[in-house]
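Visitor: Let me give you the structure first, and then I'll get to my questions.
There are 2 protein chains.
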Amino acid sequence: MLRPGSTIGILGGGQLARMLASAGARLGLRAHVFSPAADDPAFEVCAARTIAPFEDEAALAAFAAAVDVVTYEFENVPSDTAAFLEAHSVVRPNPRVLALTQDRFTEKNFVRGLGIETAPFENVEDAAMLAEAAASLGRPSILKTRRFGYDGKGQTLLREGVDLAAAFQSLGGAPCVLEGFVPFSREVSVVAARGSDGAFRAYDVCENVHERHILALTVAPARISAQTAAAAVEMARKIAEAADYVGVIAVELFVVEEAGGERLVVNEIAPRVHNSGHWTLDGAVTSQFEQHMRAVAGWPLGSTRRHGVRVEMRNLIGDDAEKWPELLAEEGACLHLYGKKETRAGRKMGHVTRVFP
Amino acid sequence: MLRPGSTIGILGGGQLARMLASAGARLGLRAHVFSPAADDPAFEVCAARTIAPFEDEAALAAFAAAVDVVTYEFENVPSDTAAFLEAHSVVRPNPRVLALTQDRFTEKNFVRGLGIETAPFENVEDAAMLAEAAASLGRPSILKTRRFGYDGKGQTLLREGVDLAAAFQSLGGAPCVLEGFVPFSREVSVVAARGSDGAFRAYDVCENVHERHILALTVAPARISAQTAAAAVEMARKIAEAADYVGVIAVELFVVEEAGGERLVVNEIAPRVHNSGHWTLDGAVTSQFEQHMRAVAGWPLGSTRRHGVRVEMRNLIGDDAEKWPELLAEEGACLHLYGKKETRAGRKMGHVTRVFP
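Heads up: the protein sequence lines correspond to chains A and B, in order. With positions in the first sequence counted from 1, the corresponding number in this note's numbering is that position plus 32. With positions in the second sequence counted from 1, the corresponding number in this note's numbering is that position plus 32.
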């Protein structure tokens, strides 16, 4: 258990790191942010900073020596960086989960190995394998690169008639998985945390609406049965336990309505605080950011109790952030802006939460 | 109206500045903290920093040039500093309120001039004036220095038999006021904000318990009638309007129970965010810190709606902060630690809030 005044090292300097650093400061924890990008938003709220490439071993060694524990805001931490830091410090969550979640094929096999359903999937390493997979899984299906995809990047929809070889080449010829179609009625996520003592706590399962492959809206709680919600939380617990996880984890699931009830299909695991947990900043006793800092500090997890009967979070993407004057003036709306210097289409600039009493 | 990405200059680097800076960051506002003390807690969460004495005009000029508006976390900003900054930037709240609140005698006359009751008081500049004042106000009464008193510092109780000349000398012979005894049943405060557009919003009136002259506990809402609460808010509004105030203001009041109801007596005005408003960090839609940043940025004020049926805030003074492990483990408790490097008796090290649903 770290003492207050200890320093949490954070790899990455985006909005998640920024909100982690601020949440740590509330608890008397110092944040040391490591990122290659000098104008990253987290640098404006942290006690110490390293601006260096993730491959700079001298900078990594100095960083490891200056912090009490290392965590990260994104799953694409290079594996050499993670291995180097693990040799010089404590890294939480443990980097094995990075290897798991950086590769969709590995991740899906891991989830399936726990007896949890995923979308049907096939490994695709060339056009011939894609033809075979498409024949087996049918269409529509989705071809996704195994690595480095997010917010709809690195994926393409295979409808009837789409040329398979061209589709494969459109993703750069990188190793892929083909995912079969899941006729889901809703997307939900479990944002939860596991402490270093093995304690596990989940927030209310929340419901997510994506627009153009980017999260647009989260509503907590999700409109699913209590039984389905409990089952989703159990899946997240199983995954966290199997990965010997410490920190906040997010599990995205599809809900498929069937005669007799709702079936859950795991879509993706994020080994970090997650956009669909931003509602907890204003809508829960402990925010996901504080929860993560508590976990990586070896501290007890906080209460995940929700405020109000319903909480909504809307992302402000690109020009949406220009609505800040009306959002500031809206009764009960809580505006969050990430301090990004440049607005770009598709870029997450902020979000707004609304707690309904 | 400043744009997001603007810089708010904050004079002072203590916990109030720290929480102001963090609240601003949520809104995409940068904080530039100016303080003479290099290890002040606010320096760990701000985008820019100046470590210099408040009398350093070169540093003040550079600071004024680097920020879009100046605010402060404490009322004892030297008047020359305030005047210099006002000549080079916009200062909010306007520094005339500093002159008002730095001197108990001036403040009480101002309040009384608005038709609002204060404790009976007399100006005391020497032992003879004290003898006269004590004869007029009776005992027990409290002798307070006109300037620089806080948390019970700079004051002494005059009971029957206390030697008046010695009492006056014990406060250094500085100009004082003698305050008559107020037989109050509770202490309450109004934490409110006035926007640059004149809008005024108050949080629920809260009730304060002091121990050894330091705030120990705040409970919102106060156990007073709705009518008394409304009257207290109206006093705060009157004070804020008369001072052409912009920002968060706190008004401390005594509640005196009388046949026929409750009477309100203003004790003190704080031209800043206030310890008795810390409960709003977890217990209200908009924290007092965000509210202050909104006001000084020229933005609309946020909702002051309370979460839960009751919110409590307890200060962690000196060694109290050593209870952090049990507070972290307590269900529903929200721990705040200020990151102060040294624990001292009587020093505010953090606080804990509890929202009762």
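Every residue gets a Cβ at the ideal spot worked out from N, C-alpha and C, and that includes glycine.
Show which residues of chain A have a CB atom less than 7 Å away from the CB atom of Ser67 of chain B.
Guide: By one-based count along the second sequence, residue 67 of chain B stands at place 35. Residues of chain A passing the Cβ test: none, with the nearest at roughly 15 Å.
Visitor: What do you reckon, are the CB atoms on Leu61 of chain B and Leu367 of chain A nearer than 8 Å?
Guide: Taking the first residue of the second sequence as position 1, residue 61 of chain B is located at position 29. Taking the first residue of the first sequence as position 1, residue 367 of chain A is located at position 335. Result no, Cβ atoms of Leu61 of chain B and Leu367 of chain A do not sit closer than 8 Å.
Visitor: Run through the DSSP bridge pairs and tell me what Ile42 of chain B is partnered with.
Guide: Taking the second sequence and counting its residues from 1, one reaches residue 42 of chain B at position 10. According to DSSP, Ile42 of chain B bridges with B:Val65, B:Thr103.
Visitor: Under 7 Å from any heavy atom of the ligand FAD, does the C-beta of Ala69 of chain A make it?
Guide: Judged by which ligands are present, the structure shown has none, so any question about the ligand FAD falls away.
Visitor: Grab the span of the alpha helix (DSSP H) containing Asn126 of chain B for me, first residue to last.
Guide: Taking the first residue of the second sequence as 1, we reach residue 126 of chain B at position 94. Here Asn126 of chain B belongs to no alpha helix (DSSP H), and DSSP marks it neither H nor E.
Visitor: Can you pull out the residues from the stretch 302 to 313 of chain B whose beta carbon lies closer than 7 Å to at least one beta carbon of chain A?
Guide: none
Visitor: Could you tell me which residues DSSP pairs with Glu290 of chain B in its beta bridges?
Guide: For the purposes of this step, residue 290 of chain B is taken as residue 258 along the second sequence, with counting starting at 1. Per DSSP, B:Gly293.
Visitor: Counting along the chain, where does the alpha helix (DSSP H) carrying Leu313 of chain B start and finish?
Guide: As a first step, residue 313 of chain B is located in the second sequence; it is residue number 281 there, counting from the start. Taken as a continuous stretch (DSSP letters only), the alpha helix (DSSP H) holding Leu313 of chain B covers 312 to 315.
Visitor: Please confirm whether Gly153 of chain B and Val209 of chain B have their CB atoms less than 8 Å apart.
Guide: Counting from 1 along the second sequence, the entry for residue 153 of chain B is found at position 121. Counting from 1 along the second sequence, the entry for residue 209 of chain B is found at position 177. The residue you asked about is not Gly; residue 153 of chain B is Phe in the sequence shown. Yes, they are a contact pair.
Visitor: Measure the alpha-carbon distance for Leu162 of chain A versus Ala198 of chain A and round it to whole angstroms.
Guide: What you label residue 162 of chain A is simply residue 130 of the first sequence in a count that begins at 1. What you label residue 198 of chain A is simply residue 166 of the first sequence in a count that begins at 1. Taken atom to atom, the span from the alpha-carbon of Leu162 of chain A to that of Ala198 of chain A is near 11 Å.
Visitor: Going along chain B, which residues have a C-beta under 9 Å from Arg326 of chain A?
Guide: As a working note, residue 326 of chain A is residue 294 in the first sequence. By Cβ distance, chain B contributes Leu360.
Visitor: Considering Glu239 of chain A, what are the terminal residues of the beta strand (DSSP E) in which it resides?
Guide: Sequence index remark: in the first sequence, residue 239 of chain A carries index 207 (1-based). Glu239 of chain A -> beta strand (DSSP E) spans 238 to 243.
Visitor: Out of A:Pro36, A:Arg35, A:Ala114, state which residue places its alpha-carbon closest to the alpha-carbon of Phe66 of chain A.
Guide: Numbered from its first residue, the first sequence carries residue 66 of chain A at position 34. Comparing Cα positions, the closest option is A:Ala114.
Visitor: Which one of B:Glu290, B:Ile301, B:Glu294 has the shortest CA to CA distance from Ala258 of chain B?
Guide: As a first step, residue 258 of chain B is located in the second sequence; it is residue number 226 there, counting from the start. Taking only the C-alpha atoms, the option nearest Ala258 of chain B is B:Glu294.
Visitor: What does the alpha-carbon distance come out to for the pair Ile246 of chain A and Gly378 of chain A?
Guide: The sequence position of residue 246 of chain A within the first sequence is 214, counting from 1. The sequence position of residue 378 of chain A within the first sequence is 346, counting from 1. Roughly 8 Å separates the two Cα atoms.
Visitor: Return the residues of the stretch 52 to 65 of chain B that lie within a Cβ-Cβ distance of less than 9 Å from chain A, sorted by chain order.
Guide: Residues of the stretch 52 to 65 of chain B with a C-beta atom less than 9 Å from some C-beta of chain A are Ala53, Ser54, Ala57, Arg58, Leu59, Gly60, Leu61, Arg62, Ala63, listed in chain order.
Visitor: If we ignore side chains and look at the alpha-carbon of each, how far apart do Gly382 of chain B and Pro253 of chain B end up?
Guide: Along the second sequence, read from residue 1 onward, the residue named residue 382 of chain B stands at position 350. Along the second sequence, read from residue 1 onward, the residue named residue 253 of chain B stands at position 221. Each residue's Cα considered, the two are about 21 Å apart.
Visitor: Can you pull the chain A residues whose beta carbon is under 7 Å from the beta carbon of Leu367 of chain B, in chain order?
Guide: The count along the second sequence starts at 1 and reaches residue 367 of chain B at position 335. Neighbours of Leu367 of chain B on chain A, chain order: Leu59.
Visitor: Does the Cβ of Ser54 of chain B have 16 or more other Cβ atoms within 10 Å, making it buried, or fewer, making it exposed?
Guide: As a working note, residue 54 of chain B is residue 22 in the second sequence. Ser54 of chain B comes out buried.
Visitor: Between the beta-carbon of Pro68 of chain B and the beta-carbon of Gly46 of chain B, is there less than 8 Å?
Guide: To locate residue 68 of chain B, count along the second sequence from 1; it is residue 36. To locate residue 46 of chain B, count along the second sequence from 1; it is residue 14. In this structure, Gly46 of chain B does not lie closer than 8 Å to Pro68 of chain B by Cβ.
Visitor: Can you give me the start and stop residues for the alpha helix (DSSP H) that Met145 of chain B sits inside?
Guide: One-based indexing of the second sequence puts residue 145 of chain B at position 113. The displayed chain sequence assigns Gly, not Met, to residue 145 of chain B. First-last of the alpha helix (DSSP H) with Gly145 of chain B: 136 to 145.
Visitor: Could you tell me which whole beta strand (DSSP E) segments of length 3 or greater appear in the stretch 209 to 272 of chain A?
Guide: 218 to 226, 232 to 234, 238 to 243, 246 to 252
Visitor: What are the boundary residues of the beta strand (DSSP E) that includes Val3 of chain B?
Guide: There is simply no residue 3 of chain B to check, as chain B begins at 33 and stops at 389 in what is shown.
Visitor: If you follow the beta strand (DSSP E) that Met33 of chain A is part of, which residue opens it and which one closes it?
Guide: Within the first sequence, the letter at position 1 stands for residue 33 of chain A. Counting along the chain, Met33 of chain A sits inside no beta strand (DSSP E), nor does DSSP assign it H or E at all.
Visitor: Return the first residue and the last residue of the beta strand (DSSP E) that Leu175 of chain A is part of.
Guide: Against the first sequence, residue 175 of chain A aligns to sequence position 143. First-last of the beta strand (DSSP E) with Leu175 of chain A: 173 to 177.
Visitor: Taking Cβ positions only, does Pro127 of chain B come closer than 8 Å to chain A?
Guide: Indexing the second sequence from 1 puts residue 127 of chain B at position 95. Pro127 of chain B does not count as touching chain A.
Visitor: Start and end of the beta strand (DSSP E) containing Glu354 of chain B?
Guide: Looking up residue 354 of chain B in the second sequence gives position 322. Boundaries cannot be given for Glu354 of chain B, as no beta strand (DSSP E) includes it and DSSP labels it neither H nor E.
Visitor: Where do the N-terminal and C-terminal ends of the alpha helix (DSSP H) with Ala115 of chain B fall, by residue?
Guide: Along the second sequence, one-based indexing puts residue 115 of chain B at 83. Where Ala115 of chain B is concerned, the enclosing alpha helix (DSSP H) stretches over 111 to 120.
Visitor: Looking only at its chain, what residues have a beta carbon closer than 7 Å to the beta carbon of Leu132 of chain B, apart from the 5 residues adjacent to it on each side?
Guide: Within the second sequence, numbered from 1, the residue matching residue 132 of chain B stands at position 100. The answer, listed in chain order, is Thr138, Glu139, Phe142, Ala275.
Visitor: Going along the stretch 337 to 356 of chain A in order, which residues come within less than 9 Å of chain B, judged by CB to CB distance?
Guide: Arg337, His339, Gly340, Ala353, Trp356
Visitor: Can you tell which of A:Asp100, A:Gly56, A:Leu169 has its C-alpha closest to the C-alpha of Phe321 of chain A?
Guide: To locate residue 321 of chain A, count along the first sequence from 1; it is residue 289. Among A:Asp100, A:Gly56, A:Leu169, the Cα nearest to that of Phe321 of chain A belongs to A:Gly56.
Visitor: Do you know how far the Cα of Ile281 of chain B is from the Cα of Lys185 of chain B?
Guide: Counting from one through the second sequence, the residue named residue 185 of chain B turns up at place 153. Counting from one through the second sequence, the residue named residue 281 of chain B turns up at place 249. In a straight line, the C-alpha of Lys185 of chain B is about 21 Å away from that of Ile281 of chain B.
Visitor: Would you mind sorting Ala96 of chain B into buried or exposed? The rule is 16 or more other CB atoms within 10 Å of its CB.
Guide: Within the second sequence, residue 96 of chain B is the residue found at index 64, counting from 1. It counts as buried.
Visitor: Measure the beta-carbon distance from Ala248 of chain B to Val241 of chain B and round it to whole angstroms, keeping in mind my assumption that it falls under 8 Å.
Guide: Indexing the second sequence from 1 puts residue 248 of chain B at position 216. Indexing the second sequence from 1 puts residue 241 of chain B at position 209. Confirmed, Cβ separation roughly 5 Å.
Visitor: Would you call Val109 of chain A buried or exposed, if buried means 16 or more other Cβ atoms sit within 10 Å of its Cβ?
Guide: Indexing the first sequence from 1 puts residue 109 of chain A at position 77. Answer is buried; the Cβ neighbour count reaches 16.
Visitor: Does the beta-carbon of Phe75 of chain A have 16 or more other beta-carbons within 10 angstroms, so that it is buried, or is it exposed?
Guide: Looking up residue 75 of chain A in the first sequence gives position 43. So Phe75 of chain A counts as buried.
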